[in-house]
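Engineer: I have a structure here, written as structure tokens, and I will follow up with some questions on it.
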Amino acid sequence: MLIDVDDDADPVGQVVVRHLCDEGIVSSVVYRRETASTNSMAAEGVMPSTPALFLADRQTSGRGRHGRRWVSDDGTLTFSVVFEWSPTDARFGGLLPIVAGVAIARTFEFVFAPIRVRLKWPNDIHADGGKVAGILCEANQSAPGRVVVGIGVNVGSEPDLADDQTNRARSLSTIVGRPLRRYDVLPEIVGQLVTAVEEAKSDPVVFVSEFRQRCLLSGQKIIASVDGNPATGVCQGIDDFGGLLIDTPMGTKVCSTGEATIVSRRH
Ligand code: BTN
Numbered sequence: 011m012l013i014d015v016d017d018d019a020d021p022v023g024q025v026v027v028r029h030l031c032d033e034g035i036v037s038s039v040v041y042r043r044e045t046a047s048t049n050s051m052a053a054e055g056v057m058p059s060t061p062a063l064f065l066a067d068r069q070t071s072g073r074g075r076h077g078r079r080w081v082s083d084d085g086t087l088t089f090s091v092v093f094e095w096s097p098t099d100a101r102f103g104g105l106l107p108i109v110a111g112v113a114i115a116r117t118f119e120f121v122f123a124p125i126r127v128r129l130k131w132p133n134d135i136h137a138d139g140g141k142v143a144g145i146l147c148e149a150n151q152s153a154p155g156r157v158v159v160g161i162g163v164n165v166g167s168e169p170d171l172a173d174d175q176t177n178r179a180r181s182l183s184t185i186v187g188r189p190l191r192r193y194d195v196l197p198e199i200v201g202q203l204v205t206a207v208e209e210a211k212s213d214p215v216v217f218v219s220e221f222r223q224r225c226l227l228s229g230q231k232i233i234a235s236v237d238g239n240p241a242t243g244v245c246q247g248i249d250d251f252g253g254l255l256i257d258t259p260m261g262t263k264v265c266s267t268g269e270a271t272i273v274s275r276r277h
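Following my numbering, the numbering of the sequence shown begins with 11 at its first residue and continues without gaps.
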């Protein structure tokens, strides 16, 4: 068991990561007071076993999807977990972002009931009309079959979403109407995430079905890129392997990567 914690890291965070190790929820922890990006730390680190948690009180170069910046502050939770992820049926290989999104939705709906979480494909976490959390999944270059799941959660503050013009930020604190400390929600999120990834290895379809129930884009007129060309139509949710289904005048198209934008809001 590797526990590498900076002495000057947040004392509440230190208690929480020791609990996660003691309970066997994660098999190792690297916890920094400050780092460029926990995803970069996780991608570079060669951990003896998984799940491996990388946590930081502060990121100086947090990264979002599509090369965007991820801006965080003292109210934001920023961490990454490395998992073994190589499904025997390769068609499920791209499902990890969907699984992680559902795990976070389950956490928020359980801890902050009756909050209602919506998932914006592929893995933005929305509640009360704004983005509460984002996920960045990246391959671990040094260890084939290992994937880094990086998560940023607006717990007690709503930092600017930087160059992401398609979303507006929302914090859990604002939604539930009381102050929340970022490390209070960490154990539940990590626990649900670890459980979900294990469950998905044997039963990935459950996560597809749960995503569909919370799909923010379903029924909306959207535009997304399909094989390099823009496709416009009404979103029909996701297929069994996590691709976004778009009902266009030329038939149903499947968007496998990228992101979708709502062009006109319906209902
Ligand atoms: C997005 O919504 O575009 C994804 C945001 C992911 C941010 C998290 S914060 C922890 C981890 N480290 C990073 O540099 N990014 C992810």
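From the three backbone atoms N, C-alpha and C, an ideal C-beta is built for every residue, glycine too. This one's a predicted model, so the numbers in the text were calculated from it and none came from an experiment.
1) Would you identify the three-state DSSP class for F118, choosing helix, strand or coil?
2) Taking the alpha-carbon of L63 as reference, which of L30, A46 and G72 has the nearest alpha-carbon?
3) Run through DSSP, which three-state label would D99 get?
4) Ends of the beta strand (DSSP E) at D67?
5) Quick check: the Cα distance between D250 and V195, rounded to an integer number of angstroms?
6) For K231, list the residues DSSP reports as bridge partners.
7) Could you check which residue in L254, A143, A52 and D18 has the C-alpha nearest to that of I199?
8) Restricting to Cα atoms, I'd like to know which of V244, T271, G268 and I248 is closest to P259.
9) Relative to the ligand BTN, is the shortest distance from any of its heavy atoms to the C-beta of I114 smaller than 7 Å?
10) Got a sec? Which residues, its chain only, sit under 6 Å from F118 by beta carbon, not counting five neighbours each side?
11) Would Y41 pass as a contact of V25 if the rule is Cβ separation under 8 Å?
12) Who pairs with E148 in a beta bridge, going by DSSP?
13) Counting pairs of beta carbons, one from the region 109-117 and one from the region 65-80, are three or more of them closer than 8 Å?
14) So what's F217 in DSSP terms, helix, strand or just coil?
15) In or out: Q69 buried (at least 16 other Cβ within 10 Å) or exposed?
16) State yes or no: is the C-beta of L65 within less than 8 Å of the C-beta of V39?
17) As a quick exercise: from V121, R192, A149 and A137, pick the residue whose alpha carbon is nearest that of G55.
18) Give me the DSSP bridge partner(s) of R73.
19) Would you decide whether N164 is buried or exposed? Buried here means 16 or more other CB atoms lie within 10 Å of its CB.
20) Quick one: is R178 buried, meaning 16 or more other Cβ sit within 10 Å of its Cβ, or exposed?
21) If we count the other Cβ atoms within 10 Å of its Cβ and call it buried at 16 or more, is P154 buried or exposed?
22) Is any non-hydrogen atom of the ligand BTN found closer than 7 Å to the C-beta of T48, if you look at the structure I gave you?
23) Would you kindly work out how many angstroms separate the C-alpha atoms of T88 and D67, rounded to a whole number?
24) Cβ-heavy atom distance between G140 and the ligand BTN below 7 Å?
25) Let me check you understand the geometry: is the CB of F89 closer than 7 Å to at least one non-hydrogen atom of the ligand BTN?
26) Could you compute how far the alpha carbon of R28 sits from the alpha carbon of A234?
27) Tell me, to the nearest whole angstrom, how far the beta carbon of G139 is from that of R188; I am working on the premise that it is less than 8 Å.
Structural biologist: This is what the structure holds:
1) On the sequence shown, residue 118 is found 108 positions in, with the first residue counted as 1. Correct three-state label for F118: helix.
2) As a first step, residue 63 must be located in the sequence shown, where it is residue number 53. Selected option, being the one with the closest Cα: L30.
3) Position 89 of the sequence shown, counted from the start, is the residue given in the question as residue 99. D99: coil per DSSP, three-state reduction.
4) Along the sequence shown, read from residue 1 onward, the residue named residue 67 stands at position 57. Start and end: A62 to Q69.
5) Translated into positions along the sequence shown, residue 250 becomes position 240. Translated into positions along the sequence shown, residue 195 becomes position 185. Spanning the two alpha carbons is a distance of roughly 30 Å.
6) Within the sequence shown, numbered from 1, the residue matching residue 231 stands at position 221. Answer is V244 and S274, bridged to K231.
7) Walking along the sequence shown from the start, residue 199 turns up at place 189. Closest option to I199, Cα to Cα, is A143.
8) Counted from its first residue, the sequence shown places residue 259 at position 249. Among V244, T271, G268 and I248, the Cα nearest to that of P259 belongs to V244.
9) Working through the sequence shown from its first residue, we reach residue 114 at position 104. I114 Cβ: outside cutoff for every heavy atom of the ligand BTN.
10) Counting from 1 along the sequence shown, the entry for residue 118 is found at position 108. The beta carbon of F118 sits closer than 6 Å to those of I125 and V127, all from its chain and outside the five residues before and after it, given in chain order.
11) Stepping through the sequence shown from its first residue, residue 41 is reached at position 31. Stepping through the sequence shown from its first residue, residue 25 is reached at position 15. Pairing Y41 with V25 gives a Cβ-Cβ distance that is not under 8 Å.
12) Here residue 148 refers to the residue found at position 138 when the sequence shown is read from its first residue. Bridge partners of E148: V158.
13) no
14) For this step, residue 217 is matched to residue 207 along the sequence shown. In this structure, F217 counts as helix in the three-state DSSP scheme.
15) Along the sequence shown, read from residue 1 onward, the residue named residue 69 stands at position 59. Buried is the call here.
16) Numbered from 1 along the sequence shown, position 55 holds the residue referred to as residue 65. Numbered from 1 along the sequence shown, position 29 holds the residue referred to as residue 39. Contact: yes.
17) Here the question's residue 55 lines up with position 45 in the sequence shown. G55 has its Cα closest to that of A149, out of V121, R192, A149 and A137.
18) The count along the sequence shown starts at 1 and reaches residue 73 at position 63. Paired residue(s): R79.
19) Mapped onto the sequence shown, residue 164 falls at position 154. Burial call: buried.
20) Locating residue 178 in the sequence shown gives position 168, where the first residue counts as 1. R178 sits exposed, since fewer than 16 C-beta atoms from the chains shown fall within 10 Å of its C-beta.
21) Counting from 1 along the sequence shown, the entry for residue 154 is found at position 144. P154 comes out exposed.
22) By one-based count along the sequence shown, residue 48 stands at place 38. Yes, since a heavy atom of the ligand BTN falls inside the 7 Å radius drawn around the Cβ of T48.
23) As a working note, residue 88 is residue 78 in the sequence shown. As a working note, residue 67 is residue 57 in the sequence shown. Looking at the two C-alpha atoms, the distance is approximately 7 Å.
24) Within the sequence shown, residue 140 is the residue found at index 130, counting from 1. No, the Cβ of G140 stays beyond 7 Å of every heavy atom of the ligand BTN.
25) Taking the first residue of the sequence shown as 1, we reach residue 89 at position 79. The answer is yes for F89.
26) By one-based count along the sequence shown, residue 28 stands at place 18. By one-based count along the sequence shown, residue 234 stands at place 224. Cα-Cα distance, rounded: 43 Å.
27) The residue you call residue 139 lines up with position 129 of the sequence shown. The residue you call residue 188 lines up with position 178 of the sequence shown. In fact, because the Cβ distance is near 19 Å, the residues do not count as touching under 8 Å.
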